[in-house]
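Reading through the structure tokens given below for one structure.
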Amino acid sequence: MLNIKTVEVDTDGRLPIIENFVEAVEDFPLVTGDYVFLSNQVLEDIPKVVHVEDGKLLAQKNCHFIIISGLCGDLDELALTQAPKSLVEKGYLVVRINNSSGKINLKIPNDFKMIAELPVENTAEFILLLQYVGTKAPSLEPIAVEISDCDKEFTWITQVQQSINNKTPTIVYAHNEKLNGLIGLVNCLRREPDGHLITCFLINDKSAPAFNINEPFYAAQYALGLAVNVYQNGKWGSYRHLLLRLEEKIAPRKDHVYGNVLQRGDLSSLRWIEGPFNPKTCDIKIAYSSLNFRDIMLATGRLAVELFGDSRLDQNCVLGLEYSGIHTKTGRRIMSMVAKGGVGSYVQEASRLLWDVPENWSLKDAATVPVVYVTVYYAFFMVSDIRKGKSILIHAGTGGIGLAAIRVALAYNLEVFTTCSTPQKKQFLLDTFPQLKESHIGNSRDTSFERMVIEETNGKGVDFVLNSLSEDKLLASVRCLGFRGNFLEIGKFDMANDTKLGMSCFLKEIKFNAVLADRLLIAPDEEIAHLKALLDNGIANGTIQPLPATVFQAHEIEQAFRHMVGGKHIGKVVIQVREDPKSEFTMPVKVVKQVYFDPNLSFVIPGGLGGFGLELEHFVVFSSVSCGRGNAGQTNYGMANSVMERIIEDRIQSGFPAKAIQWGAVGEVGLVADMVEDKIDIDIGGTLQQRISSCLQELDTLLSAPDAIVASMVVAEKRFGSSGGETVIETVMNIMGIRDIKSVSLGATLSEIGMDSLMAVEIQQTLERNFDLSLTPEMLRSLTFQKLLEYNEGKAREFNVTEDENLDFALKDTPTGIELLVRNLGDETRCNEVMIELQSDTLQLATLPTIMIPGIEGTAGQVWYKMAKNINSKVNMLQFHRFAELTSIKEIAEACYEDVKTVIKANRQFYIVAYSYGAFIALELVAMLEKAGFHGQLLLIDGAPHFLTKLTHLHVGENITDNNLYDLILSGVIQTVFRENIRESLALQFSQLPTIEKKMEKFDEYIAKQSVHSSNYSKAMVHAIFRRLSTVKKYDLINFEPINSPIILIRSAEVAIQNIDEDYSLQKITKGTVIVEKIEGSHTTMLDNPILSKLINDFNPSLTVEGN
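Counted the way the UniProt record's numbering counts, the sequence shown spans residues 1 to 1108.
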């Protein structure tokens, strides 16, 4: 790997250009760089790989490039004395000068030579490229060898071999042979040992003198030291690879354009793309395009585009089910539903599902109508008949279909139940539909709506369910149906993913109907006529009304999709394509070029059946980067490709179409793919194999470029955090719609901040594609911005997750101090109940109830409610907050004893699951139960006396004073409540207060800033934690009387303390067996691991007995 060092010196305060060097160097394979900007400027947008310091140039050594500015007349002392001392031999000095006259009057020192003068477009600035030549003795006299097409004996080969073997500088040249392949030959030769001795001259100009290196015309050019020298059209030049930049200007368009993602799953790649239709033959000019959930599923990659056909053309223009616009042949205002392509500027052929727009509707109004009402009327009156029922559950009531369905259902006097995701949306529904009861509106984000329906219908359920929810919410929706109810499924996600539906639900004689409204586009004419008649009647009688809409202009296509993904909309999301519906022109947009081929022409594709071949218009040849950049051992291949490229240039010179594409290694087919088998990510000379799909995608850009010779290759990653593009944090913020990182807690998980399933899919795919982060859904849900920040700062090793290691990096952020022991403060509303039953969503197969005991907080937080849903038995949570005043573990256990006996007395057997501090109470309870004749099993989640005593001493301190312990608890509880990284500052504040009373007053000030927990409850919790920690500190580990029951210990894989037995010394605590299991996570985060509930089920004694 060649390392290029570039230093820019800030001499006059102008903006640096070093970032251009970063971009250029990092784009080369097998080349990387060190970048330094010497300045006292504070620049926020400079690439992170550039080191900025207010230093001196003399301190920089072995520089390949030095950039300076603000010089005039003689090069000043900086260039004369400092630059030569910092440059390597033949290094370059880049001088930036302002010269409005266009004349350059700098005097060049003897140890530098001028290579090039480059004017900067649209400015008065010039860039001079000077090479440092030093004072070394001149090199050997070069040998000149002509490479001529007329040399049929190839005598030049021997001459070149001999001169290189003799380590003699060699000039190979071709004179006025316009199709000579010299360039590719030399690029490959220079990759061979001693290849730097080769210099190339390609002369393609009749006015040039015969080649003679002693001729001043050639000697002056040779003195510049360039490897490749080309003379044509009266100018010297060379061949260089430059980044291809195709300008995407924002402008109105009158051709066919359509919207789509360039990269499936990445909404940031949403663009307008040149389409295949000729506007003169199109039936419809689109004014407004309306988005639907199917569009989101397609754009985010959750629905396969292969549903639309095998052809790439079929899979391109797929977004958009509906639109409004003008019929080009009749001039009528119309609205329509189409199979695909509704997000575009034209529709080629009008579909049969087309209506005239009522006079009192705008085209924006009309765009909100077709899909939602077609779906609702098809579901309500063709798939089933809601007139035969009395009640219906309609999910996502503020969505487009939800609003339409509620309106129609109420028009037919059905009792409507619905769901939505926010209080604001709930209020909107109540304001829009006064007939709705507030008690009939549930939450669409979880399955709690099931209980609402069952309670409000007195257990009968509803007659119809119009469902768009997926996974567990779909199953809960099925359970909402009453006897002989009808389930109307309009979502495609579960069907596309073959989600299983248990047969037991059909014991109620229900019907499950798939409602695929887009099927109507290919339905028989009589079916279409029936549906149109239904909608015509609905429009006429006023049942069908336009929906509220959020409108985005055409250039805001990405924002429109993100707005819908975020679930922020009510009604429809609409894209305005034309300002004037009758105009040929769209609103101003940026458009990606796309090449199409005339289906009426024939195309010859040589090599199309081997390797990489496809239809290419006119005259296009596939060259290779082996020609353009060189590759050892491929001189003949490089030379042949170079001949092709000269033919391409000659065709263009003659006015014919032509294009040469230099491809890098192409994966999946061809020689390279055969050599490396299926290892497509293997590094080949600093590049990776480019997948066929990527090649096809890049072809549009390459064929649209004006240049004769273009190239495409994938440069292998050379450094962590390479320059350019968004950081990982900026990427996630953009997907989640977060404008300011300060507005969220760094420690909160993405799920807690508001990441829904669609965002999760996009984040997962984008992180894997752009940052090589492969995350499971569980890891993604636990991911925090703190972890992303660590990744951004270079801690990539913490993200190096493999299956073999089986470590979840998202769980690696180990809390310390009180936060390690206190996860949250629990549910204050039920804190004084000693035994509460938690709801389980699974079949309760176990006859023995599971008694759970929480950690040191003594109350059930949300993690226990979530865990209980997956437990296959009745779940009772033992809380001990009511006994907050008690000062010993034995007293707490005795106070809870009778409540525990009440739960298990029918079985005379117990199954107790205790976490962390709860293990102390569990052991005391088990000892008491055994004496009373009960038997059973104890499962401890990262809890045991020896372990917890050591853990407390480690994180709290063995000899800590009461005052200091209160400081830790108070700051830790506030940290837990507010989830902000303010622990150190809080601890300092509390430590400066002399008494516990003063500390509690300060604590009260913080608690007043939140509304989750009351002041009394929070203070009681602080005192209780203090007492409980005190009981741990003085716990007697020596005189403990062992119990008889077996113990299962579930340890966290992330070790909390060192030097402790594998079983946490539990063999000293029980005479029974001890089984140890490990799961991923830390002492705190292991509770989120779904494997935990599975283990709790597996070790339930009643399940074990029945399983045996």
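C-beta atoms are modelled at their ideal positions from N, C-alpha and C, and glycine is treated no differently.
On a predicted model such as this, the values are computed, not experimentally measured, just so you know.
Going by Cα to Cα distance, which pick from the options is closest to residue i?
{"i": "F947", "options": "Y865, N541, K1068", "result": "K1068"}
{"i": "T375", "options": "N641, A514, Y915, L58", "result": "A514"}
{"i": "Q594", "options": "S207, D1098, F154, E248", "result": "E248"}
{"i": "Y966", "options": "A914, F1026, V913, L951", "result": "F1026"}
{"i": "P588", "options": "K582, Q559, G134, A554", "result": "A554"}
{"i": "residue 1141", "options": "D45, N40, L43, K85", "result": "There is simply no residue 1141 to check, as the chain begins at 1 and stops at 1108 in what is shown."}
{"i": "A660", "options": "D650, V669, K1033", "result": "D650"}
{"i": "G482", "options": "I490, I996, L469, E450", "result": "E450"}
{"i": "D899", "options": "G936, I853, E177", "result": "I853"}
{"i": "Q168", "options": "G181, L182, P193, E153", "result": "First, the amino acid is wrong: residue 168 is Thr here, not Gln. T168 has its Cα closest to that of P193, out of G181, L182, P193, E153."}
{"i": "A893", "options": "S421, L878, L488", "result": "L878"}
{"i": "F506", "options": "I522, A529, C480, D494", "result": "C480"}
{"i": "G542", "options": "G638, N360, H440, R96", "result": "N360"}
{"i": "V462", "options": "V478, V371, L469", "result": "V478"}
Quick check on the DSSP output: the beta strand (DSSP E) that includes residue i runs from which residue to which?
{"i": "K659", "result": "659–663"}
{"i": "F65", "result": "63–69"}
{"i": "V343", "result": "Element bounds for V343: n/a, residue is neither H nor E."}
{"i": "V50", "result": "50–53"}
{"i": "P252", "result": "Counting along the chain, P252 falls outside any beta strand (DSSP E), and DSSP gives it neither H nor E."}
{"i": "H1023", "result": "Segment 1015–1033 is the alpha helix (DSSP H) holding H1023; no beta strand (DSSP E) there."}
{"i": "G325", "result": "322–327"}
{"i": "C420", "result": "415–420"}
{"i": "T784", "result": "That residue, T784, is in no beta strand (DSSP E); it is neither H nor E in DSSP."}
{"i": "C200", "result": "198–204"}
How should residue i be labelled, buried or exposed, when 16 other C-beta atoms within 10 angstroms of its C-beta is the threshold for buried?
{"i": "E805", "result": "The pLDDT assigned to E805 is 28, lower than 50, so where the model puts this residue is not dependable; a value taken from the coordinates is nonetheless given after this. Classification for E805: exposed."}
{"i": "A810", "result": "Residue confidence is low: A810 scores 33 on pLDDT, short of 50, so the model does not pin down where it sits. Its coordinate-derived value is still stated next. Result: buried."}
{"i": "N486", "result": "buried"}
{"i": "G13", "result": "exposed"}
{"i": "T859", "result": "buried"}
{"i": "G633", "result": "exposed"}
{"i": "H64", "result": "buried"}
{"i": "G918", "result": "buried"}
{"i": "E798", "result": "Residue placement at E798 is poorly supported in this model, since its pLDDT is 36, which falls under 50; the coordinates still yield a value, given next. So E798 ends up on the exposed side."}
{"i": "H881", "result": "buried"}
{"i": "K500", "result": "exposed"}
{"i": "P546", "result": "buried"}
{"i": "residue 1130", "result": "Because the chain is modelled from 1 through 1108, residue 1130 falls outside the range shown and cannot be assessed."}
{"i": "Q839", "result": "exposed"}
{"i": "L848", "result": "buried"}
{"i": "E415", "result": "buried"}
{"i": "Y346", "result": "buried"}
{"i": "L825", "result": "buried"}
{"i": "N214", "result": "exposed"}
Along the alpha helix (DSSP H) that carries residue i, what are the first and last residues, could you check?
{"i": "V732", "result": "728–736"}
{"i": "M759", "result": "757–771"}
{"i": "W361", "result": "Careful: W361 lies outside any alpha helix (DSSP H) and carries neither H nor E."}
{"i": "L702", "result": "692–704"}
{"i": "A219", "result": "216–222"}
{"i": "N443", "result": "Careful: N443 lies outside any alpha helix (DSSP H), inside the beta strand (DSSP E) at 441–443."}
{"i": "I1043", "result": "Note, I1043: premise wrong, no alpha helix (DSSP H); not H, not E."}
{"i": "D1063", "result": "Careful: D1063 lies outside any alpha helix (DSSP H) and carries neither H nor E."}
Quick test of your reading: residue i and residue j, contact by CB under 8 Å. State the CB separation rounded to the nearest angstrom.
{"i": "A223", "j": "K113", "result": "7 Å"}
{"i": "F656", "j": "F619", "result": "7 Å"}
{"i": "I108", "j": "I67", "result": "So it is not a contact: roughly 17 Å between Cβ atoms."}
{"i": "K999", "j": "L970", "result": "6 Å"}
{"i": "G259", "j": "I557", "result": "5 Å"}
{"i": "I889", "j": "F910", "result": "Not confirmed; about 18 Å, so no contact."}
{"i": "F201", "j": "I157", "result": "Not really, about 18 Å apart at Cβ, beyond 8 Å."}
Which runs of the alpha helix (DSSP H), 4 residues or longer, sit entirely within the stretch 133–177?
155–165
Quick check on the DSSP output: what are the complete beta strand (DSSP E) runs of length 3 or more inside the stretch 13–50, in order along the chain?
31–38
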